[in-house]
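What follows is one structure encoded as structure tokens, with my remarks underneath.
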Amino acid sequence: MHAVLPKRRGGEARAVGLAGPLIVIVIAIVVIPSIASGATMFLMEQVLIQILFATSTNFLFGRSHMPSFGQAAFFGTGAYTVALWYSYIPVAALLVLAMAFSAVCSAVIAAVSIRTRGIIFANVTLALGQGMYLLAVKTSWVGGENGLPGISAGSLSMHGIWYLTGGVVVAAIAVCWVIYHSPFGITLQALREDPIRLEFLGVRVARYRLAAFTLAGAGAGLAGGLFAYTSGIVTPGTMYWTQSGYPILMILVGGMGFFWGPVVGAVFVTLLLNELSGHPGWDLIILGLVLIGVLLFAPRGLLGLVKSGWQRFAGSAERRDPVPEGIAP
Amino acid sequence: MLGSIFAGVGDGFLLFLIASGLTLIFGVMRILNFSHGGYFMLGGYFVYQAVASGSPASLPLPLFVVAVLGGALLVGAVGIATERLIFRKIYQLSDIASLLGTFGLLLVIEGVAEVIWGVNPMSVPFPTLLGKSIVIGGVRVGTYSIVLVGVGIVVAVGLWVLLRKTPFGERARAVAEDRYVCELAGVNTALVSTAVFALGTVLAGLGGALATPLIALTPDVATAFIIEAFAIVIVGGLGSISGALIAAIGFGVADSLAITYYPPLSGVIFFILMFVVLLVRPQGLVNNARGLA
Numbered sequence: 001m002h003a004v005l006p007k008r009r010g011g012e013a014r015a016v017g018l019a020g021p022l023i024v025i026v027i028a029i030v031v032i033p034s035i036a037s038g039a040t041m042f043l044m045e046q047v048l049i050q051i052l053f054a055t056s057t058n059f060l061f062g063r064s065h066m067p068s069f070g071q072a073a074f075f076g077t078g079a080y081t082v083a084l085w086y087s088y089i090p091v092a093a094l095l096v097l098a099m100a101f102s103a104v105c106s107a108v109i110a111a112v113s114i115r116t117r118g119i120i121f122a123n124v125t126l127a128l129g130q131g132m133y134l135l136a137v138k139t140s141w142v143g144g145e146n147g148l149p150g151i152s153a154g155s156l157s158m159h160g161i162w163y164l165t166g167g168v169v170v171a172a173i174a175v176c177w178v179i180y181h182s183p184f185g186i187t188l189q190a191l192r193e194d195p196i197r198l199e200f201l202g203v204r205v206a207r208y209r210l211a212a213f214t215l216a217g218a219g220a221g222l223a224g225g226l227f228a229y230t231s232g233i234v235t236p237g238t239m240y241w242t243q244s245g246y247p248i249l250m251i252l253v254g255g256m257g258f259f260w261g262p263v264v265g266a267v268f269v270t271l272l273l274n275e276l277s278g279h280p281g282w283d284l285i286i287l288g289l290v291l292i293g294v295l296l297f298a299p300r301g302l303l304g305l306v307k308s309g310w311q312r313f314a315g316s317a318e319r320r321d322p323v324p325e326g327i328a329p
Numbered sequence: 001m002l003g004s005i006f007a008g009v010g011d012g013f014l015l016f017l018i019a020s021g022l023t024l025i026f027g028v029m030r031i032l033n034f035s036h037g038g039y040f041m042l043g044g045y046f047v048y049q050a051v052a053s054g055s056p057a058s059l060p061l062p063l064f065v066v067a068v069l070g071g072a073l074l075v076g077a078v079g080i081a082t083e084r085l086i087f088r089k090i091y092q093l094s095d096i097a098s099l100l101g102t103f104g105l106l107l108v109i110e111g112v113a114e115v116i117w118g119v120n121p122m123s124v125p126f127p128t129l130l131g132k133s134i135v136i137g138g139v140r141v142g143t144y145s146i147v148l149v150g151v152g153i154v155v156a157v158g159l160w161v162l163l164r165k166t167p168f169g170e171r172a173r174a175v176a177e178d179r180y181v182c183e184l185a186g187v188n189t190a191l192v193s194t195a196v197f198a199l200g201t202v203l204a205g206l207g208g209a210l211a212t213p214l215i216a217l218t219p220d221v222a223t224a225f226i227i228e229a230f231a232i233v234i235v236g237g238l239g240s241i242s243g244a245l246i247a248a249i250g251f252g253v254a255d256s257l258a259i260t261y262y263p264p265l266s267g268v269i270f271f272i273l274m275f276v277v278l279l280v281r282p283q284g285l286v287n288n289a290r291g292l293a
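In structure tokens:
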């Protein structure tokens with residue numbers, strides 16, 4: 001499988017690639033409070049949080065082909081950081097702390113897991129993440145099985161929390177976009193295509209893998225911190241291993257080769273889950289079928305379908321950008 | 001001490017039932033199967049369904065035996081159906097894509113169980129004669145642990161004979177070694193795959209059926225047990241049945257000792273052991289890159 005090298009694009013075109021979708025998100029954030037009920041706003045907050053969670057996980061899964069099945073653990077460490085300290089530390093500082101603590105935890109887990117590849121990597125991250133979940137269940141000062149309820153964001157009102165979530169997610173997505181397209185991000189992609197050749201070229205592959213894992217953990221921790229503020233309660237259930245499957249599902253549904261793939265997938269999956277929440281059991285059935293369907297019939301995700309459909313419609317063969325690769329068939 | 005070790009060996013053999021099926025399927029189809037936990041859970045629910053009408057206080061042993069065997073075979077039938085319908089397509093995907101595909105199937109199976117049986121825990125009592133403990137040579141052992149050890153030994157020996165001494169086993173090992181050459185040699189590899197998948201799911205169903213008196217049955221059982229089974233097959237060495245047996249009994253005994261002497265460590269001990277083993281031997285206990293051992 002040959003590498004699809006990113007085309008050189010001018011600074012202007014790149015800026016449009018970031019600004020266009022981001023403006024849509026910002027407009028949504030500004031408009032929603034005036035037209036939506038409290039329940040809808042809560043749902044939209046969860047959409048934003050999942051956008052951040054999936055986008056940061058894509059540094060591992062889509063960008064560097066490291067299929068971590070333990071990201072929920074780092075989402076959880078961020079959420080628990082907020083739940084434990086919300087009454088002592090101001091919101092902004094605590095979110096930074098949540099991110100930092102999750103980054104440290106993921107660096108420790110990475111030290112062991114990056115020695116492995118492929119399905120073994122998936123399993124090691126899965127087992128270690130699940131170990132952290134069990135630790136949360138069995139530790140009484142983090143509330144054990146019941147978790148920690150009653151989290152508040154100081155003097156922030158419902159709208160305050162909304163703008164906090166929106167602002168943090170937009171800023172984080174912008175930072176992710178810059179990193180994704182930086183020399184570091186491009187190197188991660190090269191590492192996905194051919195790690196051995198990269199090692200021969202003198203790139204310290206292990207360091208890049210460690211950095212990608214830590215970065216993804218930090219993003220998950222920030223998303224978890226926001227989750228604690230918006231939902232007001234953190235339970236160990238947020239760290240259970242199946243929760244790690246959801247960001248991967250979102251990435252696949254949206255299109256793992258696209259920066260905006262996880263964003264599209266997070267919106268789609270979160271809204272779908274909400275629609276199905278009244279039908280216990282069916283939510284899992286539909287979600288499982290969506291996952292199998294994407295793997296078998298649309299490995300490049302929704303954005304891949306849109307892009308190849310558009311190219312067929314427009315039909316200008318010589319100006320064709322390659323559609324980014326999806327999951328290896 | 002000895003009593004708790006023996007209970008651990010019993011639990012270990014129970015874990016071996018699910019891990020050996022996982023190993024068989026990985027060995028022959030090269031696919032790590034998340035949904036295996038789903039078949040385990042279905043085995044439990046089939047037994048529950050068979051005995052639910054009886055009085056909760058006593059469960060006659062013959063009924064339990066019939067329910068366990070019937071449940072395991074029924075799970076095998078579900079296994080054959082899913083193999084033909086879904087796994088045929090999943091085999092062709094890459095390692096990671098197929099792992100994710102089986103994760104999707106696990107979600108579907110768990111969802112179906114939730115729709116049929118709900119999320120409230122169900123329980124199945126110990127069958128008559130098997131809920132007690134007896135004293136052998138000064139050691140108090142549970143009769144149910146004796147049954148688990150017995151069934152586990154029969155399955156382990158049976159698998160060894162099946163894979164080493166029968167034409168079917170020869171074919172299964174050959175397909176595990178090199179599927180392409182087997183096809184050239186005229187082996188019906190699709191049929192071997194289906195048979196191995198059926199065998200693996202029967203073992204998972206048997207494990208789930210035998211676990212019913214020991215656990216609270218919920219659809220979550222599928223996701224809880226598959227993690228322990230994964231830890232066992234990774235530690236034992238992917239594709240190695242003897243490695244899975246050693247790892248399963250080791251984990252069972254360690255967990256049982258943890259429950260007796262330091263309860264907070266129970267459950268967590270799996271991941272600590274896995275962490276340590278993988279640090280020392282990343283390839284697992286029994287190295288087995290290709291084929292079934």
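As you go down the protein sequences, you meet chains A and B in turn.
For the first sequence, position 75 matches number 75 in the numbering used here, and the numbering has no gaps at all.
For the second sequence, position 214 matches number 214 in the numbering used here, and the numbering has no gaps at all.
All C-beta atoms in this analysis are idealised placements derived from N, C-alpha and C, irrespective of residue type, glycine included.
Bear in mind that the values here come from a model prediction, so they are computed numbers and not experimental data.
Residue i to residue j span [Cα, whole Å]
i      : j      : result
A:T125 : A:A220 : 14 angstroms
B:P219 : B:V119 : 6 angstroms
B:A254 : B:G8   : 7 angstroms
B:V235 : B:L257 : 19 angstroms
A:P90  : A:G154 : 8 angstroms
A:M239 : B:L129 : 41 angstroms
A:L249 : B:L163 : 37 angstroms
B:T143 : B:M29  : 37 angstroms
A:M1   : A:A93  : Bear in mind that a pLDDT of 41 at A:M1, under 50, signals an unreliable position, so the number given afterwards is only what the model happens to contain. Distance between the alpha carbons of A:M1 and A:A93: 45 angstroms.
B:V78  : B:V196 : 14 angstroms
B:L148 : B:G207 : 9 angstroms
B:F168 : B:V192 : 8 angstroms
A:I173 : A:L134 : 31 angstroms
A:V30  : B:G71  : 56 angstroms
A:I179 : A:I27  : 24 angstroms
B:V66  : B:Y48  : 12 angstroms
B:I80  : B:F126 : 30 angstroms
A:A349 : A:I292 : One cannot answer for residue 349 of chain A here, as it falls past the ends of chain A, which runs 1 to 329.
A:A3   : A:A190 : Because A:A3 carries a pLDDT of 48, less than 50, the predicted location of this residue cannot be relied on, and no value is offered for it.
A:M44  : A:F213 : 27 angstroms
A:N58  : B:G137 : 59 angstroms
B:P213 : B:S123 : 7 angstroms
Chain-ordered chain B contacts of residue i [CB-CB under 8 angstroms]
i      : result
A:W241 : T223, I227
A:V112 : F275, L278, L279
A:W282 : G111, V115
A:L289 : G104, V108
Residues that DSSP places opposite residue i in a beta bridge
i      : result
B:R140 : B:V135
A:L148 : A:V234
B:P127 : B:L59
B:M122 : B:L217
Rounded distance between the beta-carbons of residue j and residue i, thought under 8 angstroms
i      : j      : result
A:F42  : A:T230 : 7 angstroms
A:I327 : B:A209 : No, A:I327 and B:A209 are not in contact; Cβ-Cβ is about 35 angstroms, not under 8 angstroms.
B:I249 : B:G12  : 4 angstroms
B:V75  : B:A204 : 7 angstroms
B:G37  : B:A229 : 7 angstroms
A:G76  : A:G224 : 6 angstroms
Per-residue contacts from residue i into chain B (C-beta, under 7 angstroms)
i      : result
A:N123 : F230, I234
A:L135 : V268
A:P67  : I96
A:I32  : Result: empty, since nearest Cβ-Cβ is about 30 angstroms, beyond 7 angstroms.
A:G245 : F103
A:L296 : K89
beta-carbon residue i near the ligand SAM non-hydrogen atom, thresh 7 angstroms
i      : result
B:V253 : Inclusion of the ligand SAM in the displayed structure is not the case, the ligand content being empty and no account of it being possible.
Proximal residues of chain A, C-beta to C-beta of residue i below 7 angstroms
i      : result
B:M274 : A127
B:L99  : I119, A122
B:V119 : P280
Interface residues of chain A facing residue i [CB-CB closer than 9 angstroms]
i      : result
B:P264 : K138, T139
Chain-ordered neighbours of residue i on chain B, where CB pairs are closer than 9 angstroms
i      : result
A:R115 : L278, L279, P282
Below-8 angstroms beta-carbon distance, residue i vs any chain C residue
i      : result
A:I292 : The structure shown contains no chain C; its protein chains are A and B.
Counting Cβ pairs closer than 8 angstroms, one from the stretch 98-110 of chain B and one from the stretch 32-48 of chain B, do we hit at least three? yes
Under 8 angstroms: do the stretch 72-89 of chain A and the stretch 189-199 of chain A share three or more Cβ pairs, one atom per stretch? Short answer: they don't touch.
Three or more C-beta pairs under 8 angstroms: does that hold for the stretch 244-252 of chain B against the stretch 10-26 of chain B? yes
Take every Cβ of the stretch 82-101 of chain B, pair it with every Cβ of the stretch 56-72 of chain B, and state whether three or more of those distances are shorter than 8 angstroms. no
Is there contact here, the stretch 38-53 of chain A with the stretch 104-118 of chain A, by at least three beta-carbon pairs under 8 angstroms? no
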